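Each step along the first sequence adds one to the number in the working numbering, with nothing skipped, and position 836 is 866.
From the three backbone atoms N, C-alpha and C, an ideal C-beta is built for every residue, glycine too.
Predicted model, so just to flag it, every value in this text is computed and none were measured.
Single-structure report; data block below.
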Amino acid sequence: MEYNFKEIENKWRQFWAENKTFKAEDSSDKPKFYGLDMFPYPSGAGLHVGHPLGYIASDIYARFKRLKGFNVLHPMGYDSFGLPAEQYAIQTGQHPAITTEKNLARYREQLDKIGFSFDWDREVQTSSPEYYKWTQWIFKQLYNSWYNVAADKADDIANLEVIFENEGNNTVKAVTDQVEVFTAEEWNSFSEAEQQKILMNYRLTYLADSMVNWCPALGTVLANDEIKDGVSERGGHLVEQKLMRQWSMRITAYAERLLNGLETIDWSDSIKEQQRNWIGKSVGASVFFKLEKGEDKIEVFTTRPDTIFGVNFLVLAPEHALVNKITTAVQKEAVAAYQKQANLKTERDRQADVKNITGQFTGAYALHPFSGEKVQIWIGDYVLAGYGTGAVMAVPAGDQRDWDFAKHFNIEIKNIFEGVDISEGAYTEKEGKLTNSDFLNGLTVKKAMKLAIYEMEKKGIGTGKTTYRLRDAVFSRQRYWGEPFPVYYKNDLPYLIEDEQLPVTLPEVDAYLPTEDGEPPLARANKEAWNVFEGDRMEYNTMPGWAGSSWYFLRYMDPKNEAEFVSKEKADYWNQVDLYIGGSEHATGHLLYARFWTKFLCDKGFISFDEPFKKMINQGMILGRSSFVYRYTILPVIDGNINEEVLSFLKSNPLYVSFDIHKLKNIKEKFNDVLKVKKKELEDTFNIKVLELSLEFNARLHVDISLVDNDKLDVEGFKNWLPEYANAEFILEDDGTYICGSEVEKMSKSKYNVQTPDELVEKFGADTLRCYEMFLGPLEQAKPWDTKGINGVHNFLRKFWRLFHNDANEFSVSEGEADKKALKTLHKTIKKIEDDLNRFSFNTGVSNFMIAVNELTDQKCNNKAVLSDLVVLISPYAPHICEELWVKLGNEAGSLSYAEFPTFNPDFLVEANYAYPVSFNGKMRFKLELPTNMPKDEVEKAVLEAEQSQKWLDGKTPKKLIVVPGKIVNVVV
RNA sequence: GCGGGUGUGGUGAAAUUGGUAGACACGCUAGACUUAGGAUCUAGUGCUUCACGGCUUGUGGGUUCGAGUCCCUCCACCCGCACCA
């Protein structure tokens, strides 16, 4: 009766599914624990070994929490709307729902094999109408809300309308694009269309003409977080700026709360910092500069209002609205030329070209708001139109870029810092005192800032202001496979579909491409294809991928509710996600949007917490190890003209050179023999005279890692792999093997380095895979996948199994008292495992199991009590084998999942009983580490023993001992 | 440039509050057994030295009786942000 993992795992997998062993109850006397994984997008490639890493960790923790007496919610679902299924649909015409369903089944099969304790009754799929009904409903709530700054929360738009009717908008403090002020009378006289247009400026989701990131290759707009370095994150296609009428989310209303909320959650510093950067808060002042001529004012934003007297010039972005108006006739041509040149540069070029200082004087002057001095107005592309007001006050003394600009164009630099030399560069420290600054003279930066703002506000020339880098998020996509909007248009005005009519399901279309005139695919759907159709037409855009994932953690609490997206009661019970595990690549996408929606839903009273994920751990990426073969072409030196036929023959018959030989420099010399043979072959075949043959390195090619074992290529398998390799010829090592080169890269289908968990589960079992993925190293660290050590982990499970069996392989454990040694091992392990789990150090957990099993094996321990506790301890890591042993130990099947986690008994714990000198109050003492709960007489005995032992450091001997209750013994010398 | 992180044997890595650095595993070496295996068991394995010993946590310094751990300097790599006013 060897450890037959296949039989065991099949048996328990089935049992757990049939008995719904991991079903979560919605109320309980036990404390609750909500452990969540980032749900996957079910791609066609299936799971690779990197996916389950986080799932295994969270599953271990969820199982641990069950054993610790928690009522655990541990669900799983699918983020099933998305681009790949749609692109597959465009290519093949197959409906994305079919592809998705197929992929989903494959994912489920793979997940099931690994033995996760998910409550599958709560599964959600963002692409199912039952689910996206509520995504649409939340969209409606956002549409019907505005951000009330006075109350610092979202409020009903109906309340805003009441205010407008009675007071106009002058008293309203809101986050809005509305700039015009109107009175109650004016409001009431506006037409419906005019009123709606104004309300749109307040809604939390709104329709507006805005500059968007348009990706022609994908045929859709993208949000800022979907773009990296000027190209789309998915596919790397070029993205351009385009003015389009799009739905947006007013996430900027939540900027400050999204920032402050970070203080209350237990996330990694790196993710928090990324979000802080993304939000990009700057505190400072907005200052108005009057023009020398005309009535216009230039508004600038500065974080250093204290340096206001150091202003030597202003710089406007080339696109700034006032540029054309203020430019003098003399400068007109030069300015226009500069604008044109700046316009031609793409965003990318502009960023890459930061070292070149460019700019152009407009000829115009502004007046310094305090001194009234004339200040030159320049334009320069280092000022960005999209940030702040698109204009800066240049203080060369205090800002390096301004300094560089001033030096480059020979503009005078005024020093405003006392005793600081600015001849070699700007002084950017925020220390020291100001000079040449009128009423700010002698003040520190901090004080001067306050006073400057105070004076500006008093004089009405500026005001304290905070700006954010965060932009509102574009919410529409010109795609098919996403949530339809619950929106229709009548006379070109948007209206919402009634709640009772939700969901608006995706209509069938005959093709998934945009229409000929560039409309989204949904524009292809005729009236009958829609399940709901109102007004003149429906909204043709669909929602972006992050819509469904912004609230899915709430749906798991109440997945079947047909009346609400989640009942208040259940949301109150399950509350925040206690532990969220997933990748860090969602830092400025999903994780920000989910926080935004949670805050909104909390504002509206639907839930009572405003941060979704209390603690988060980001598992590191598992990288693949790619293998390569090296292709060489033989090139002839022929007498006379090169024969095309010969050339193409040689090209289609390359040689594949083993890596170790490829590395050699004198490769040609080494293969003279081979080349001689080839030469003869050629001459015979083509009846030509070949003078010489040479080898030329041609390409390094990825080879499927399943054909490579320990860097050795399965040569026959390689020939059969792809047709082009059928007649491959090799140059092998002396021992007749072909060695592949290797490199660590991201796992990807195109690199043929994807390792699926299936084959490992087949070969070693799910329990081994689970332990091994944890054993690999710290969860949060990126690491290359490597199966070298998997045998060691598998052996541990086999040893574990053998602890319960006698030499004849029969199950055999002994009843009765356990001996002290075994108990010591057990309790040491309990303590360590509990500590490991509490600090999410799953890798040391596996190590500690190995130590325990090794020790008990050495002790020949087969005591039932000890082994029972051990089974409970190991079960989160290796649930199948533990369930099997648990039942054999006489327990009810399935009860292991809710057994009691063994309690650590310090009686059996022996700490080190060595000592070392410690300096304390100037006297040399010795510190002796002893068990924490050792009785006093035993302490004295231990100290005596320690005195005589050789373990003292430096040969020093203690003279006096002090017993510190509970913990440490100090010995005075 | 700014921010975050990492640096320990041949390899993956342990070391929870400053206290025997390298646990555990892989790999390697030698041996045992054998139905000859990707099996099992035993011993060894940081570097250096015949040995006693000496050296050792990226570099250099500091604090301390004692530093992988705390402080400062520098170096290397990874991630994020970036003419953000």
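How would you write the range of the alpha helix (DSSP H) that residue i sits in, first residue to last?
i: M651; result: Element bounds for M651: n/a, residue is neither H nor E.
i: C912; result: 909-918
i: V720; result: No alpha helix (DSSP H) holds V720; the beta strand (DSSP E) holding it covers 720-733.
i: A812; result: Taken as a continuous stretch (DSSP letters only), A812 belongs to no alpha helix (DSSP H), as it is neither H nor E.
i: F748; result: 745-751
i: I120; result: 113-122
In its own chain, which residues sit with a C-beta less than 6 Å from the C-beta of residue i, not counting the 5 before and 5 after it?
i: W42; result: H910, E913
i: G924; result: N49, T51
i: K349; result: The displayed chain sequence assigns Glu, not Lys, to residue 349. Closer than 6 Å at Cβ, skipping near neighbours: A415.
i: W511; result: F111, A115, E116, P126
i: S312; result: T333, T497
i: Q271; result: M241
i: A253; result: A503, V504
i: V209; result: none
Spatial neighbours of residue i within its chain, please: CB distance less than 7 Å, with the 5 preceding and 5 following residues excluded, ordered by chain position.
i: M479; result: P335, D336
i: N836; result: S842
i: P753; result: none
i: T474; result: K463
i: D502; result: S278, M279, R280, I281, T282
Give me the DSSP bridge partner(s) of residue i.
i: T497; result: S312
i: V774; result: R655
i: W176; result: D185, R233
i: D67; result: I611
Span of the beta strand (DSSP E) holding residue i?
i: I611; result: 609-612
i: D849; result: No beta strand (DSSP E) contains D849, which DSSP labels as neither H nor E.
i: V242; result: 235-245
i: V876; result: Taken as a continuous stretch (DSSP letters only), V876 belongs to no beta strand (DSSP E), being part of the alpha helix (DSSP H) at 872-888.
i: T129; result: Here T129 belongs to no beta strand (DSSP E); instead the alpha helix (DSSP H) covers 126-144.
i: W277; result: 270-279
i: Q390; result: 390-397
i: L346; result: 343-346
So what does DSSP say about residue i, is it helix, strand or coil?
i: Y417; result: coil
i: Q406; result: strand
i: L288; result: helix
i: N101; result: strand
i: A204; result: strand
i: N332; result: Strictly speaking, residue 332 in this sequence is Thr, with Asn absent from that position. Note: T332 maps to strand in three-state DSSP.
i: E256; result: helix
i: Y108; result: strand
i: N943; result: Any answer about N943 is weak, because its pLDDT of 48 lies below 50 and its placement is not dependable; what the coordinates show is given next. Of the three classes helix, strand and coil, the one that applies to N943 here is coil, per DSSP.
i: M573; result: coil
i: I637; result: coil
i: D739; result: strand
i: Y686; result: strand
i: D547; result: coil
i: V251; result: strand
i: M646; result: strand
i: F447; result: strand
i: V902; result: helix
i: E363; result: helix
i: D788; result: helix
i: M587; result: coil
i: A617; result: coil
i: F950; result: Low per-residue confidence applies at F950: pLDDT is 41, beneath 50, and the placement is therefore not dependable, though the value from the model is reported in the following sentence. In the structure shown, F950 sits in a strand (DSSP, three-state: E or B).
i: P61; result: coil
Could you name the residues of the same chain whose beta carbon sits closer than 8 Å to that of residue i, not counting the 5 residues immediately before and after it, in chain order?
i: L134; result: P72, Y108, S110, Q155
i: E763; result: S688, D690, I691, I769
i: N884; result: K829
i: K693; result: none
Problem - Unbroken stretches of the beta strand (DSSP E), 3 residues or longer, contained in the region 457-540 - result: 492-497, 517-520, 523-526
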